[in-house]
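Asker: Structure below; questions to follow.
2 protein chains.
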Amino acid sequence: MGKQLSAFPITPCGPDGRVDEAGLRGLLAPLREAEVDSIGLLGSTGTYAYLSREERRRALEIAVDKVGGRVPVLVGVGALRTDETVRLARDAKAVGATAGLLAPVSYTPLTDDEVFEHFSVVARESGLPLVIYDNPGTTHFSFGPELVARVSRLPGVIAMKSPAPAASAVAAHVERLRQAVPEGFSVGCSGDWHVTEALIGGADAWYSVAAGLFPKVCLAIVRAAERGEAEEARRLDAALEPLWVLFREYSSLRVVYAAAAILGLTEAEPPHPILPLPQAVRERIAETLRDLALS
Amino acid sequence: MGKQLSAFPITPCGPDGRVDEAGLRGLLAPLREAEVDSIGLLGSTGTYAYLSREERRRALEIAVDKVGGRVPVLVGVGALRTDETVRLARDAKAVGATAGLLAPVSYTPLTDDEVFEHFSVVARESGLPLVIYDNPGTTHFSFGPELVARVSRLPGVIAMKSPAPAASAVAAHVERLRQAVPEGFSVGCSGDWHVTEALIGGADAWYSVAAGLFPKVCLAIVRAAERGEAEEARRLDAALEPLWVLFREYSSLRVVYAAAAILGLTEAEPPHPILPLPQAVRERIAETLRDLALS
Numbered sequence: 000m001g002k003q004l005s006a007f008p009i010t011p012c013g014p015d016g017r018v019d020e021a022g023l024r025g026l027l028a029p030l031r032e033a034e035v036d037s038i039g040l041l042g043s044t045g046t047y048a049y050l051s052r053e054e055r056r057r058a059l060e061i062a063v064d065k066v067g068g069r070v071p072v073l074v075g076v077g078a079l080r081t082d083e084t085v086r087l088a089r090d091a092k093a094v095g096a097t098a099g100l101l102a103p104v105s106y107t108p109l110t111d112d113e114v115f116e117h118f119s120v121v122a123r124e125s126g127l128p129l130v131i132y133d134n135p136g137t138t139h140f141s142f143g144p145e146l147v148a149r150v151s152r153l154p155g156v157i158a159m160k161s162p163a164p165a166a167s168a169v170a171a172h173v174e175r176l177r178q179a180v181p182e183g184f185s186v187g188c189s190g191d192w193h194v195t196e197a198l199i200g201g202a203d204a205w206y207s208v209a210a211g212l213f214p215k216v217c218l219a220i221v222r223a224a225e226r227g228e229a230e231e232a233r234r235l236d237a238a239l240e241p242l243w244v245l246f247r248e249y250s251s252l253r254v255v256y257a258a259a260a261i262l263g264l265t266e267a268e269p270p271h272p273i274l275p276l277p278q279a280v281r282e283r284i285a286e287t288l289r290d291l292a293l294s
Numbered sequence: 000m001g002k003q004l005s006a007f008p009i010t011p012c013g014p015d016g017r018v019d020e021a022g023l024r025g026l027l028a029p030l031r032e033a034e035v036d037s038i039g040l041l042g043s044t045g046t047y048a049y050l051s052r053e054e055r056r057r058a059l060e061i062a063v064d065k066v067g068g069r070v071p072v073l074v075g076v077g078a079l080r081t082d083e084t085v086r087l088a089r090d091a092k093a094v095g096a097t098a099g100l101l102a103p104v105s106y107t108p109l110t111d112d113e114v115f116e117h118f119s120v121v122a123r124e125s126g127l128p129l130v131i132y133d134n135p136g137t138t139h140f141s142f143g144p145e146l147v148a149r150v151s152r153l154p155g156v157i158a159m160k161s162p163a164p165a166a167s168a169v170a171a172h173v174e175r176l177r178q179a180v181p182e183g184f185s186v187g188c189s190g191d192w193h194v195t196e197a198l199i200g201g202a203d204a205w206y207s208v209a210a211g212l213f214p215k216v217c218l219a220i221v222r223a224a225e226r227g228e229a230e231e232a233r234r235l236d237a238a239l240e241p242l243w244v245l246f247r248e249y250s251s252l253r254v255v256y257a258a259a260a261i262l263g264l265t266e267a268e269p270p271h272p273i274l275p276l277p278q279a280v281r282e283r284i285a286e287t288l289r290d291l292a293l294s
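Just so you know, the protein sequences line up as chains A and B, in that order.
Residue numbers for the first sequence follow numbering that gives the first Met the number 0, beginning at 0 and rising by one.
Residue numbers for the second sequence follow numbering that gives the first Met the number 0, beginning at 0 and rising by one.
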């Protein structure tokens, strides 16, 4: 199997936390057309942590209806409580998700043993294939190689999404994970501005925020890396640097909300307390998208 | 007004997240008898983040019924979404809480402006007096002096709970907060093993996990600090060092769950994925409590 691009769209909602069905369908249509390898619905960018169980189920039903059979749907099933996580994973399986993205969401900091047990219970009691979702920037939990080795051997755990470190460290990072997991286990990366080097360095997948809005250019990077054309992948990635600058400065989530509005896809705001970016920043984003021929 | 002790009990629940009413009443009785200055219900130790709105309301109803009129009840009203936080704060006001403990719970990391707006909306739309609950270990957000200055001037924001740094830095920390807030605003500290020095250094209140189970010795420390008897306060605190060692090693939350079971108050486990401590550690805790004459 070649390298995979998973596109993570936002989940447009009203101020009351209800999913905007038309808005979500409008965001999914170009991802289906571009033939991304999967959709990462209700990831961190999809604000799963802020939505009720009912709305998460609704978002998945809409996505499966829109792209099901053509594009696999991964869906965030993380929650603070283990029992709630099991319920979400069962919902995901019942509605037709291909796999669940499971982040060790925490309030009280968790130990390695607690995270292992959490994954073990959710995998066993839901029957949903799981992707280890390592996102220390939001969960404040980091997976070390020893825990990766244990969790990746649980029945039903099939892949890992790991934050890519800076270019100089990324190949060693991917190799360390590869050593930890069983043969055939998919090791993928997130952190858009570092992922091209991760792909060149051996990563199997890119879990991408940018691809939620700009799937074509992201697919071009993945396909170039897959063909071993490292310089072409790097050239395409370097051209996106003005977008990565914005992601680093304002967070990818806030930037893609503004970008989706600029593209005319949805006027939805992120769930408060997260606020829309100020007008001056939105204008800078609009200018960047024009310069990059992304709008 | 003298220095205040706020006692933070655990919230005993079944595996399904339903509050155990008899268990909670049993934990509150000794706090009422000891005449602590307030109860910090549904703090981080009270696992508010893991409970439904309905169960949080029930816990508060039980507490107000048990101690209301004798001991003020502060109650955690934090949630990821601003609208949900407003609902929780309105519930708290309707049921009879004295004030709300508001932590900037986050998944997506928040900016200072977002936290300011969050506090502003919750204070205005609920009418509940609010305590700024600064707990970077769980929220992963830290209040700098500039934001403290802004939030502490919002109508309805009355006090702050700040994590006490190590002894050598604590007096300067309290003084820096004192400079930031308006006159008469209460500056209190959490982090049990550093708080005695904070009280000696000028803090108005101790938000205490230990006091949720051991109110008398904690009250003795607060009263000694209030009378200016620094050496007596330090002597009492130093005697508790074996307990602080356990808190630092296993987290105060996990230790007080084990301690509550050892004291025969409740067999409740923390909400999973948080796990009960292993038997060997529980035996060490039991031994420590015996040595300290706390059991």
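The C-beta atom is built at its ideal place from N, Cα and C for all residues, glycine as well.
Here the structure is a predicted model, which is why all the values come from computation and not from measurement.
(1) Rounded to whole angstroms, what's the CA-CA distance from Glu-268 of chain B to Gly-187 of chain A? Just pull it up for me.
(2) With distances taken from CA atoms, which of B:Thr-10, B:Ala-257, B:Ala-197, B:Pro-164 is nearest Pro-279 of chain B?
(3) Roughly how many whole angstroms lie between the Cα atoms of Lys-215 of chain B and Ala-238 of chain B?
(4) Please state whether the Cβ-Cβ distance between Val-70 of chain B and Phe-118 of chain B is less than 8 Å.
(5) Report buried or exposed for Glu-113 of chain B, applying the criterion of at least 16 other Cβ atoms within 10 angstroms of its Cβ.
(6) With a CB to CB cut of under 6 Å and the five nearest residues on each side skipped, what residues in its chain are close to Pro-275 of chain B?
(7) According to the Cβ coordinates, are Ala-21 of chain B and Leu-40 of chain B closer than 8 Å?
(8) Would you be able to state if there are at least three C-beta pairs under 8 Å between the segment 167-178 of chain A and the segment 235-254 of chain A?
(9) With DSSP as the reference, label Lys-215 of chain A as helix, strand or coil.
(10) So is Tyr-106 of chain A in contact with chain B if we call contact Cβ pairs under 8 Å?
(11) Kindly identify the DSSP beta-bridge partner or partners of Ala-158 of chain B.
(12) Using CA coordinates, which residue listed in B:Gly-1, B:Glu-53, B:Ala-58, B:Gly-16 is at the minimum distance from Gly-25 of chain B?
(13) Which residues of the segment 266-279 of chain A have a Cβ closer than 8 Å to any Cβ of chain B? Give them in chain order.
(14) Could you tell me whether the Cβ atoms of Ala-163 of chain B and His-139 of chain B are closer together than 8 Å?
(15) How far does the beta strand (DSSP E) with Ser-37 of chain A in it extend, from its first residue to its last?
(16) Which bits of chain C does Ser-43 of chain A rub up against, with CB to CB less than 9 Å?
(17) Does the distance from the C-beta atom of Ser-151 of chain B to that of Leu-4 of chain B stay below 8 Å?
(18) Checking contacts by CB at 8 Å: is Tyr-49 of chain B closer than that to chain A?
(19) Indicate the three-state DSSP secondary structure (helix, strand or coil) for Ile-22 of chain A in the structure shown.
(20) Bridge partners of Trp-205 of chain B, per DSSP?
(21) Closest by CA to Glu-286 of chain A, which one among A:Gly-190, A:Pro-103, A:Leu-262?
(22) Could you pull out every residue in the same chain whose Cβ sits closer than 6 Å to the Cβ of Arg-56 of chain A, ignoring the five residues on either side in sequence?
(23) Roughly how many angstroms lie between the CA atoms of Glu-145 of chain A and Leu-153 of chain A, to the nearest whole one?
(24) Using a Cβ cut-off of 8 Å, which residues of the segment 77-94 of chain A contact any Cβ in chain B, in chain order?
(25) Ala-88 of chain B and Val-76 of chain B: beta carbons closer than 8 Å?
(26) Consider the Cβ of Thr-97 of chain B: report whether some Cβ of chain A lies at a distance smaller than 8 Å.
(27) Rounded to whole angstroms, what is the Cα-Cα separation between Ser-141 of chain A and Ala-165 of chain B?
(28) For the alpha helix (DSSP H) that Leu-239 of chain A lies in, which residues bound it at each end?
(29) Ignoring anything shorter than 3 residues, give me the beta strand (DSSP E) runs that lie fully in the segment 24-96 of chain B, in order along the chain.
(30) Closest to Pro-14 of chain B by C-alpha separation, out of B:Thr-46, B:Ala-168, B:His-271, B:Glu-34, would be which residue?
(31) What does the Cβ neighbour count give for Glu-196 of chain A, buried or exposed, with the cut at 16 atoms within 10 Å?
(32) Could you tell me which chain A residues have their CB closer than 8 Å to the CB of Ala-112 of chain B, listed as they occur along the chain?
(33) Run the CB neighbour count on Asp-290 of chain A, radius 10 Å, all protein chains shown included, and call it buried at 16 or more, exposed below.
(34) My parser needs the alpha helix (DSSP H) runs of 4 or more residues fully inside the segment 99-143 of chain B; what are they?
(35) Just to check my reading of the structure: Trp-205 of chain A and Leu-198 of chain A have Cβ atoms closer than 8 Å, yes? What is that Cβ distance to the nearest angstrom?
Answerer: So, to answer that:
(1) 36 Å
(2) At residue 279 of chain B the sequence reads Ala, which differs from the Pro that was named. Out of B:Thr-10, B:Ala-257, B:Ala-197, B:Pro-164, B:Ala-257 has the C-alpha closest to the C-alpha of Ala-279 of chain B.
(3) 14 Å
(4) no
(5) buried
(6) Glu-268
(7) no
(8) no
(9) helix
(10) At least one CB atom of chain B sits nearer than 8 Å to the CB of Tyr-106 of chain A.
(11) When DSSP reads this structure, Ala-158 of chain B sits in a beta bridge with B:Val-130, B:Ser-185.
(12) It is B:Ala-58 whose Cα lies nearest to the Cα of Gly-25 of chain B.
(13) Pro-269, Pro-270, His-271, Pro-272, Ile-273, Leu-274
(14) no
(15) Run containing Ser-37 of chain A: 37-40, per the beta strand (DSSP E) assignment.
(16) Included in the structure are the protein chains A and B, with no chain C among them.
(17) no
(18) By this cut-off, Tyr-49 of chain B is an interface position.
(19) The question names Ile, yet the displayed sequence has Gly at residue 22 of chain A. Three-state result, Gly-22 of chain A: helix.
(20) B:Leu-4, B:Cys-188
(21) The residue with the shortest Cα to Cα distance from Glu-286 of chain A is A:Leu-262.
(22) So the qualifying residues of the chain are Asp-90.
(23) 13 Å
(24) The segment 77-94 of chain A vs chain B, Cβ under 8 Å: Leu-79, Arg-80, Thr-81, Asp-82.
(25) Yes.
(26) no
(27) Our two residues, Ser-141 of chain A and Ala-165 of chain B, have alpha carbons roughly 26 Å apart in a direct line.
(28) Segment: none, Leu-239 of chain A is in no alpha helix (DSSP H) and carries neither H nor E.
(29) Correct list: 37-40, 72-75.
(30) B:His-271
(31) buried
(32) A small fix is needed here, since residue 112 of chain B is Asp in this sequence, not Ala. The contacting residues are Leu-274.
(33) exposed
(34) Within the segment 99-143 of chain B, the complete alpha helix (DSSP H) segments at least 4 residues long are 111-125, 135-138, listed from N- to C-terminus.
(35) 6 Å
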